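First comes the structure, then the notes that go with it.
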Amino acid sequence: MRFVDEYRDPQMAQTLAVEIARLTEGRPLKLMEVCGGHTHTIYKHGIEDLLPRTIDLVHGPGCPVCVLPMGRVDDAIAIARSEGVIFTTFGDMMRVPGSRGSLLDAKAQGADVRFIYSPLDALKIARQNPDREVVFFAIGFETTAPSTAVTLLRAQAEGIKNFSVFCNHVTIIPAIKAILDSPDLRLDGFIGPGHVSMVIGMRPYTFIARDHRKPVVIAGFELLDIIQAVLMIVRQVIEGRAEVENQYSRVVRPEGNRKALEAMARTMELRPFFEWRGLGFITHSALKLRPEFAAWDAELRFSVPGIRVADPKACQCGEVLKGVIKPWECKVFGTACTPETPIGTCMVSPEGACAAYYNYGRYSMAAERANLPAIGLQTPADRTAS
């Protein structure tokens, strides 16, 4: 296929869904889509309602904004409020709540906080403001870490000393390991993240199939990508196989992106410990700058609180991120917690499960779906027509 509309062919989607229903008749399966981009597509296209009731899609911790603990947000705000600082960040981090407000609140109170589209934009601001300290809030999985690495290499090559990085990059494999070790969640397979895999390749997932006997299918982000990935997982389960397969072969290569990995290796190393919202502290699950780049490390250049902050008691983002509950099952979802007034991070980022549920109206159909008969592909539209 060559064009986007071909990946959204409703007839093909229905054909694939019918085959999934045939193969899974009487055999329920629980599958986790790790990536928040997949969650977004699932809600946008109503894939949960197209698939048979035998398929339960569980939403994983693949939204980097959502897994950031409140203490790190507080650290970012402390840096942003430092004298002479221009603090730069991606737009979805502006409204993430810390214990005493967000970066947007800090901006309203006088801090120079600017949202940008690339860390290279932050480096450009540093060139234009040699008398100011420019800090980039680096966040994301292996998908965005290479762009931070390339920016650091350029800052080093140009000798730009008024630029630094507050590094909060995390890695996907330790999070999956933590989920597999969780006693309160049993999964039958994984829809692997497409963009992360574009960088790291296929090999890092082999332990899931080898040690845990769970199928993994790396998937793209269109309607048919995800439904085909589900079918590929179902076929593995039915045939008694557990392998790592690549549905997203038009983008993902088995070896990943070697140049991106080399840039990351030159500039970053693993942290001994890092806290994830909902998952707690996970060893070697995040990145920090290497000692050679200490001159560009904002954590060394500025004084930050570094205090662990507990999530609000009303927020159940942790359970949502682990797939223990659906977003609409949170007691404050859609009432006290909305995209306009978020209590937790899952309601802030467009890739957050709660925000996607809310923005696409899935919460209004959740109870209705729960009452559907556990057969076939019947949707609310089907019942209206009948």
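Numbering (our numbering), first residue to last: 689 to 1074.
C-beta atoms are modelled at their ideal positions from N, C-alpha and C, and glycine is treated no differently.
Predicted model only: the values in this text are computed from it and were never measured.
Opposing strand residues paired with residue i [DSSP bridges]
i            : result
residue 970  : 962
residue 705  : Paired residues: none, contrary to the question.
residue 721  : 747, 879
residue 1025 : 1021
residue 990  : Note: residue 990 sits in no beta bridge, so no partner.
residue 837  : Note: residue 837 sits in no beta bridge, so no partner.
residue 826  : 855
residue 821  : 773
residue 985  : 853
Nearest-angstrom Cβ-Cβ length linking residue i and residue j, presumed shorter than 8 Å
i            : j            : result
residue 697  : residue 994  : With a Cβ gap of about 51 Å, residue 697 and residue 994 do not count as contacting.
residue 780  : residue 1038 : 7 Å
residue 776  : residue 802  : 5 Å
residue 887  : residue 830  : 4 Å
residue 773  : residue 823  : 6 Å
residue 914  : residue 730  : 6 Å
residue 835  : residue 871  : 37 Å between Cβ atoms; not a contact.
residue 918  : residue 719  : 7 Å
residue 1006 : residue 1040 : With 8 Å as the limit, residue 1006 and residue 1040 do not qualify as a contact, their Cβ atoms being about 13 Å apart.
residue 889  : residue 941  : 6 Å
residue 998  : residue 858  : Going by Cβ atoms, the distance from residue 998 to residue 858 rounds to 20 Å, so no, they are not a contact pair.
residue 1015 : residue 1048 : In fact, because the Cβ distance is near 11 Å, the residues do not count as touching under 8 Å.
residue 1033 : residue 756  : 6 Å
residue 786  : residue 804  : Actually they do not touch by this definition, with Cβ atoms about 20 Å apart.
residue 695  : residue 912  : 5 Å
residue 767  : residue 854  : 6 Å
Cβ-based burial, residue i [other Cβ within 10 Å; buried from 16]
i            : result
residue 874  : exposed
residue 691  : exposed
residue 996  : exposed
residue 852  : buried
residue 778  : buried
residue 991  : exposed
residue 693  : exposed
residue 714  : exposed
residue 926  : exposed
residue 821  : buried
residue 1035 : buried
residue 971  : exposed
residue 876  : buried
residue 976  : buried
residue 937  : exposed
residue 746  : buried
residue 837  : buried
residue 759  : buried
residue 866  : buried
residue 839  : buried
residue 891  : exposed
residue 783  : buried
residue 928  : exposed
residue 703  : exposed
residue 894  : exposed
residue 818  : exposed
residue 1030 : buried
residue 939  : exposed
residue 969  : exposed
residue 979  : exposed
residue 798  : exposed
residue 699  : exposed
residue 951  : buried
residue 816  : exposed
Cutoff 8 Å: residue i Cβ touching any chain C Cβ
i           : result
residue 748 : Looking for chain C here will not work: only one protein chain is present.
- Please confirm if the region 737-755 is in contact with the region 937-947, defined as three or more CB-CB distances below 8 Å between the two stretches. no
- Task: Tell me, please, whether the region 955-970 touches the region 914-934 by the rule of three or more beta-carbon pairs shorter than 8 Å.
- Result: no
- So, do the region 878-888 and the region 905-917 have three or more beta carbon pairs nearer to each other than 8 Å? yes
- Contact between the region 1023-1043 and the region 990-1003: three or more CB pairs below 8 Å? yes
- Query: Three or more C-beta pairs closer than 8 Å, one from the region 842-853 and one from the region 896-905: is that the case here?
  - Reply: no
- Message: Going residue by residue through the region 758-802, where are the continuous alpha helix (DSSP H) segments of at least 4 residues, counting only ones entirely within it?
- Response: 758-768, 791-796
- Every unbroken beta strand (DSSP E) inside the region 839-880 [3 residues or more]: 851-857, 877-880
- Query: Could you give the uninterrupted runs of the alpha helix (DSSP H) lying entirely in the region 891-976, keeping only those of 4 residues or more?
  - Reply: 894-900, 911-927, 946-955
- Query: With a cut-off of 8 Å, do at least 3 Cβ pairs link the region 812-819 to the region 780-794?
  - Reply: no
- Message: Measuring CB atoms only, is the region 713-724 touching the region 747-758, in the sense that at least three cross pairs come out at less than 8 Å?
- Response: yes
- How do the region 847-865 and the region 983-992 stand: do at least 3 beta-carbon pairs fall below 8 Å, yes or no? yes
- Message: Quick check: the region 707-716 against the region 918-926, are at least 3 beta-carbon pairs closer than 8 Å?
- Response: yes
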